[in-house]
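Line by line, the protein sequences are chains Z and F.
Just so you know, we're using my numbering here: the first sequence kicks off at 1 and counts up by one.
Just so you know, we're using my numbering here: the second sequence kicks off at 1 and counts up by one.
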Amino acid sequence: MTRPIIRVLIADDHNLVRGGIVSLLDSIDDIYVVGEADNGHDLVNRYFEINPDVVLCDISMPGMSGIDAVKQIRKGDPEAKVLFVSVYEGDEYVYQVLNAGGKGLVHKSIVKGELILAIKSVFQGIEYFGKGYDINRLNEIIEKYSAVNTAGTASPGDEVQLSPRELEVLRLVCEGLSSAEIGVKLGISRKTVETHRGSLMKKLKATSSSQLIKYAILNKII
Amino acid sequence: MSLAFHIFYANVFDEVKEYLKLLQDYRNPVNFSLLITVLVLVILYLTARYIVIPQQRSYSDMEKKLKMQNIRLMALFADLDPDPLLRVDSNGEIIFTNPAAKNKGFNKAAGKHISTILPSLNLELKSFIERNDSLTFYEESMGNHYSVQVNGIGYLNVAQIYLHDITQLKTQQEELEKSQKELEEFSNHLQNKIEEERQRISRELHDGVGQNLVLLRLYLQKRLTDLTGKEDSPEYLEISRILGQITKDLKEISYSLKPIILVELGLIPALITLVDNIKRKSNMLGNINFIDMHERLDSSLETTIFRIVQEALSNIIKYSGAREFNIQLLKKTTSIRLIISDDGRGFDLNKLENKKGMGIRNMQERTKSHNGTFRITSSPEDGTIIFADFPSGVN
């Protein structure tokens, strides 16, 4: 049974790096380098000319970055399979790749065997981000970085009932007013304000104003 | 009837005749008392004529003299006063101007109503003068700025108007405001230039130097493989370890200058990474929430917010002793609100040490440069809370 041949397009602004990768892949029978690009624009154009199976792309290139180029490619071909290459490691780079629709990320110091494994994984539609980045970890990263809450969704205290006065005090705490200032604003004594604050903290299981504000914001009280 | 009348008339006639006879006698007491009455009247007349009336006259003359003296004194002071002085009667007509007023051209208004030179002065002067009232206001008149004081002088039935020329003060104030604004603009410009420069250096290190390290690694790997015949010779592993450390350092330096992620991915991933790094390094509990922040902001606003959070977190780590910090970034209908709070020991806002004070000023300035408002509260009970509101700048 003959294995399918994987046609690869390589984009990197450094000729030497590109050359290095090409020579690494030269000896592999079922991987063909079918094209090279040295900038983002070139990559987009060549992609649609050649229609490769896998794109091996540097994250950062001058002008249009690899990330932007891949975003553009995926607009025209949502099925495009891209393996990114980067000098650096870290969650933020992994997220950047996932966000652009990339299927994998490898370090530039990668050894031959791992590079081949990564290209083959991406070709089969399996994410490849190296050691320690399994599917759970990837989901964690996505969750962490897309932590754009819509107000009202989080409710730390489920069945908490706040009195109208407590709500007023909480709102003013979130405006940055001190107990004395809140007292003046509501026409009550500082001590009464502090009592309300105390009961707010107790009800919301908060230990600081900082936590009170967090609760109020996540529950769209302000 | 006529007989009765005749008898009555005869009786009266007789009595009168009798009485007249008595009067002719000087010893008659009635005559004596009449004489005394006339004498008393004469004495009273003479006293009034020659003693009381002249004295009254001299009193009123004295009073007039005193008034005149007063007026002269006032006039003297008015003459000496380097500031313009006007006097108006109860109708508001200008009846006097001092030499300083003449110098400023106010004498041209003499005889005219005060409102021709001081339009703001529209009050019921008559009662104002009666009450000895006074009033201060500012007015621009005849090309100069004046601080105007009006004093009602009831007993003279006039009002004195003192005009203190504050044109120079005003000009200086305007110049000061102008130079302050210029300074602010310059500071903003400088800040932008610094950001640009940091971004350029960060990019150069991140992309340029970082890439070249990769090339160096590839080259060394090839050479060492040729020399030793092994791909993972101990020499290569050691060089690779050092190169790895250099790359890591480079990434951190580049991040501290200006995170590439902030430029390429935007504020939210950049802040998440920042909070992640700080939590890892400081052992603090940290939390960041984004509410309704679905779109990227203007890139300079993103940089500003990022820098404010960076500064605030650096203060929290250095000074607060907090166990926890919370950051909220929320999009409201017309603004973006940033709240950074901690449960630390707080500090006295009036007694800021230089370094911390500079940090807060820096945050304030950055907020202001985006027409935002900045507020900070701090106390041992509530920790420190920073609020920064920016007018919406969605791209």
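Every residue gets a Cβ at the ideal spot worked out from N, C-alpha and C, and that includes glycine.
Counted within 10 angstroms of its Cβ, other Cβ atoms place residue i as buried (16 or more) or exposed
| i | result |
| --- | --- |
| V30/F | exposed |
| Q211/Z | buried |
| T153/Z | Residue confidence for T153/Z is low, a pLDDT of 44 falling below 50, so the modelled location carries little weight; the figure read from the coordinates is stated next. It is exposed - the Cβ of T153/Z has fewer than 16 other Cβ atoms within 10 Å. |
| E396/F | The first residue shown for chain F is 1 and the last is 395, placing residue 396/F beyond what the model contains. |
| D53/Z | buried |
| K131/Z | exposed |
| N15/Z | exposed |
| E175/F | exposed |
| R200/F | exposed |
| G229/F | exposed |
| T37/F | exposed |
| V12/F | exposed |
| N70/F | exposed |
| M61/Z | buried |
| V17/Z | buried |
| S341/F | buried |
| E36/Z | buried |
| S392/F | exposed |
| V122/Z | buried |
| I386/F | buried |
Candidates the options: closest to residue i by CA position
| i | options | result |
| --- | --- | --- |
| D91/Z | I288/F, E365/F, L73/F, D276/F | D276/F |
| I110/Z | L25/Z, I6/Z, T207/Z | L25/Z |
| S199/Z | L177/Z, V184/Z, D38/Z, P164/Z | P164/Z |
| R223/F | N212/F, Y236/F, I272/F, L213/F | Y236/F |
| E195/F | T273/F, I360/F, L262/F | L262/F |
| P4/Z | D29/Z, H14/Z, V22/Z | D29/Z |
| Y88/Z | L205/F, T367/F, P234/F, I305/F | L205/F |
| E311/F | E182/F, P269/F, G359/F, G229/F | G359/F |
| C174/Z | K65/F, L329/F, Y255/F, L41/F | L329/F |
| E166/Z | S121/Z, S209/Z, T195/Z | T195/Z |
| I406/F | K170/F, I288/F, M284/F, E264/F | As displayed, chain F neither begins before 1 nor continues past 395, which places residue 406/F out of reach and without an answer. |
| D165/F | Q364/F, S141/F, I317/F | S141/F |
| Q161/Z | I141/Z, K203/Z, I213/Z, G183/Z | K203/Z |
| D396/F | L338/F, N28/F, N151/F, L20/F | In the structure displayed, chain F extends from 1 to 395; residue 396/F sits before or after that span and is not available. |
| C57/Z | I182/Z, R171/Z, D13/Z, K214/Z | D13/Z |
Separation of residue j from residue i, as counted between CA atoms
| i | j | result |
| --- | --- | --- |
| S127/F | Q168/F | 34 Å |
| T207/Z | G266/F | 32 Å |
| L163/F | A180/Z | 44 Å |
| D348/F | N362/F | 18 Å |
| I129/F | T136/F | 15 Å |
| A151/Z | K331/F | The pLDDT assigned to A151/Z is 47, lower than 50, so where the model puts this residue is not dependable; a value taken from the coordinates is nonetheless given after this. If I take the Cα positions, the gap works out to 10 Å. |
| G63/Z | A80/Z | 22 Å |
| A109/F | I94/F | 7 Å |
| Y50/F | N132/F | 39 Å |
| D68/F | Q172/F | One detail in the question is off: residue 68/F reads as Met in this sequence, not Asp. Computed Cα separation, rounded: 42 Å. |
| V82/Z | I73/Z | 10 Å |
| I153/F | L125/F | 11 Å |
| I221/Z | N350/F | 32 Å |
| H370/F | H189/F | 12 Å |
| G136/Z | P269/F | Here residue 136/Z is Asn; the residue named in the question, Gly, does not match the sequence. Each residue's alpha carbon lies about 19 Å from the other. |
| L121/F | I114/F | 8 Å |
| F290/F | I305/F | 13 Å |
| I116/Z | I6/Z | 11 Å |
| P119/F | E139/F | 8 Å |
| V33/Z | Q221/F | 22 Å |
| K102/F | N144/F | 14 Å |
| A11/Z | Q180/F | 51 Å |
Cβ distance (whole Å) where residue i is taken to contact residue j below 8 Å
| i | j | result |
| --- | --- | --- |
| G396/F | G321/F | Because chain F spans 1 through 395 in this model, residue 396/F falls outside it and cannot be assessed. |
| G20/Z | L227/F | 18 Å between Cβ atoms; not a contact. |
| I59/Z | S86/Z | 5 Å |
| I50/Z | L9/Z | 6 Å |
| L213/F | L243/F | 6 Å |
| R366/F | I316/F | Not quite, the Cβ-Cβ distance comes to about 17 Å (not below 8 Å), so this is no contact. |
| P84/F | K112/F | Not confirmed; about 15 Å, so no contact. |
| F106/F | T116/F | In fact, because the Cβ distance is near 10 Å, the residues do not count as touching under 8 Å. |
Any non-hydrogen atom of the ligand NAP closer than 6 Å to residue i Cβ
| i | result |
| --- | --- |
| T167/F | The model depicted lacks the ligand NAP and carries no ligand whatsoever. |
Contact the region 287-296 of chain F vs the region 379-389 of chain F: 3+ CB pairs below 8 Å:
Contact check between the region 287-296 of chain F and the region 379-389 of chain F: fewer than three CB pairs, one atom from each, fall below 8 Å, which does not count as touching.
Touching or not, the region 270-286 of chain F and the region 319-330 of chain F, by the rule of three or more beta carbon pairs under 8 Å?
yes
The region 85-103 of chain Z touching the region 126-140 of chain Z, judged by at least three CB pairs closer than 8 Å
The region 126-140 of chain Z and the region 85-103 of chain Z touch, with three or more beta-carbon pairs separated by less than 8 Å.
Counting pairs of Cβ atoms below 8 Å between the region 151-162 of chain F and the region 80-92 of chain F, do you hit three or more?
yes
Sufficient close CB pairs (3 or more, under 8 Å) joining the region 55-73 of chain Z to the region 38-45 of chain Z:
yes
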